[in-house]
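Okay, structure first, notes after.
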Amino acid sequence: MTRRRTTMSRRFSLPVLPLRETVVYPGVAVPISAGRPGTVEAVQEAMDGDRLLFAVAQHENQDEPDPQILYAVGTVVRIIQTHRARGGIQLLVQGESRARAVQYSRYGDAMLRATLVGLERFCPVDKRDPEFKALDSELRERAAELGTRRGQSAEALNQVIQGVDEPGAFADLVVFYLELPTAEKQRLLEMLDDEERMKAALVAVERELVRIDAQEDIQAKVQEELGERQREMLLREQMKQIRKELGEEGDREDADELRERIEALPLTETARKEVERELRRLDRTAPQSAEYQVIRTYLEWITELPWGERTDDKIDLQRADEILEEDHYGLEDVKDRVLEFLAVRKLQQERFEEDGDEGADEEAAEAAGTSVGGDDAEAHETGEAPAVAEPSVDDTGEGEAEQDPLARLDEIGGKGPILLFAGPPGVGKTSIARSIARSVGRKYVRISLGGARDEADIRGHRRTYVGAMPGRIIQGMKEAGSKNP
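Letter by letter, the sequence shown follows residues 15 to 499 in this note's numbering.
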């Protein structure tokens, strides 16, 4: 298969129609607004003559066209219609042929003229060539699919596709209607080989179809989510009207407010699932029933707990020593043990910040895990000071999925020594604990178990009991306003 390139050697001159973000192709009708002085002057000159203009794109979006910002290759267009409008002229132009500007020059006050050489596309390839016929057929099929996906009627698409027999002209038509950057459209305009331009057009169509597929997937997911929310809102509005008729509006407004407060809480995934389950139960329960009040009390307690509120340790051994000396006279062994405990905690923090090595943290905790004896034991017997011991904690390695590094450090610290102050009333157990909390900057909560006769007082009662309440620990966290008092 042989092909040859032909060019029109005759030079001619036309007024320039500079275009911003638009590339006109031969055979395509394009509406254009002409408002710049030079453009209006060019249109008027063309209307006085043969109605021809040289439409060429700017590669820079400037208000005042300049030869330096105009591409060399453009399209000779014929003015089909004009309409005077406020601030300019509305044009309908029809692309006729490609041309190359040899020279741009000023003409008049602002108008540009171009000395042009006509360009011809490569002579048509043999239509009997199987490869060419397959390329032409594939381009037309994919272009029809793209038009259908964009909402064009099948009748209009068939009319356009069957109305353009020449393959190169059809490629120009397809490229013009694609959403491509100006530089890409200009590159295809300058491509004179019909077969190469058809291949490039096919690639662009395929790329556009892929983009539409992705966009439709995203829209489907968004619509599905919005549909569920709208359905839920509609049902809630209907339930609201029904409850209003039944005189239950006030209770349900409180329940809706409770739901909004819960949705704003930074709950864990497990807690949120449980809360959502209780909210669904609350919606299904009549406000007059006793179960309704039980569920509501439970949810109100959840909203009052310090989710996400924590206090960071600020361990300063010198300040801790000063606070212990300020709050307590004597008790040197106990103070030394407390300072040793805080030193280990500080070492854990530093090592965790450096490399997060849990093994090093456990070694540091184990190194400080020796019990205090001797004078402390003697002081305990005389009632002068509390004795200190460290119960061991089983290190199972579980529960290490916490994302918050500070909370993760709390977990590691909990696997080390725990201070236990033992002694008769009045020897300083509570005040020492208060001093430790003040020295590290944590909230302090005192949970007194005097008179407690049931473990439910500590862990809370089952909700099936009348008047069930949370235990002392949960109440203490609520009082402190921190999840790590």
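Here a beta-carbon is modelled for each residue, glycine too, at the ideal position from N, C-alpha and C.
First and last residue of the uninterrupted alpha helix (DSSP H) at residue i
i    : result
Q176 : 168-177
Y191 : 181-191
I316 : 304-318
G52  : 51-62
L160 : 144-163
T444 : 443-454
Q489 : 486-494
V289 : 283-298
I461 : Premise fails: I461 is in no alpha helix (DSSP H) and is neither H nor E.
A470 : 470-473
A334 : 331-341
Identity of the residue in the options nearest residue i by Cα
i    : options                : result
E251 : Q233, A168, D270       : D270
Y85  : V38, E493, K457        : V38
A124 : P484, A113, T53        : T53
I432 : A447, D140, V189       : A447
L216 : E155, A197, D227, G465 : E155
S449 : L331, E220, Q363       : L331
A451 : F184, G474, F355, Q489 : F355
Q58  : K287, F26, H97, N75    : H97
R324 : R100, A168, K492       : K492
L5   : F184, S445, V91        : The requested residue 5 does not occur in the structure, where the chain is confined to residues 15 to 499.
Q104 : E145, D77, A148, G49   : G49
L223 : R476, G161, L202       : G161
E35  : E290, S119, E193       : E193
S453 : G165, K349, S151       : K349
Y458 : G464, Q237, G490, A482 : G490
E220 : N75, L153, T196        : L153
Q200 : Y191, F366, L171, V87  : V87
L187 : D208, A168, S303       : D208
L434 : R351, L463, G440       : R351
P301 : R273, D268, E290       : D268
Bounding residues of the beta strand (DSSP E) (the contiguous stretch that carries residue i)
i    : result
M125 : 125-133
V38  : It is not in any beta strand (DSSP E) - V38 carries neither H nor E in the DSSP assignment.
T89  : 87-99
Q104 : 102-121
V70  : 66-71
L206 : From DSSP, L206 is part of no beta strand (DSSP E); its letter is neither H nor E.
A436 : 434-436
Buried or exposed by the 16-neighbour rule on C-beta atoms within 10 Å, applied to residue i
i    : result
I94  : exposed
K443 : buried
L33  : buried
L240 : exposed
E469 : exposed
P40  : buried
M247 : exposed
Q176 : exposed
R164 : exposed
Y479 : exposed
G437 : buried
P79  : buried
A60  : buried
A378 : Because A378 carries a pLDDT of 47, less than 50, the predicted location of this residue cannot be relied on, and the following value inherits that uncertainty. The residue in question, A378, is buried, as its Cβ has 16 or more Cβ neighbours within 10 Å.
P29  : buried
R120 : exposed
D347 : buried
V189 : buried
V236 : exposed
C-beta atoms of residue i and residue j nearer than 8 Å
i    : j    : result
R112 : L133 : yes
T315 : L281 : According to the sequence shown, residue 315 is Trp rather than Thr. No, the pair does not count as a contact, with Cβ atoms beyond the cut-off.
R460 : I472 : no
L498 : R467 : The question names Leu, yet the displayed sequence has Asn at residue 498. Not in contact: N498 and R467 (Cβ atoms no closer than 8 Å).
L313 : I276 : yes
D335 : L361 : no
A234 : M212 : no
M205 : A218 : no
R25  : T129 : yes
P484 : G474 : yes
D341 : Q363 : no
G122 : E55  : yes
I329 : R359 : yes
T317 : L249 : no
L149 : A158 : no
T299 : E290 : no
Is there contact between the region 308-324 and the region 282-297, where contact requires at least three CB pairs shorter than 8 Å? yes
Next item on the list: Take every Cβ of the region 169-184, pair it with every Cβ of the region 57-64, and state whether three or more of those distances are shorter than 8 Å.
Entry: Taking 8 Å as the limit for Cβ pairs, the verdict is that the region 57-64 does not touch the region 169-184.
Using a Cβ distance threshold of 8 Å, determine whether the region 70-78 contacts the region 93-109, with at least three qualifying pairs required.
no
With contact counted as at least three CB pairs below 8 Å, one residue from each stretch, are the region 112-121 and the region 43-51 in contact? no
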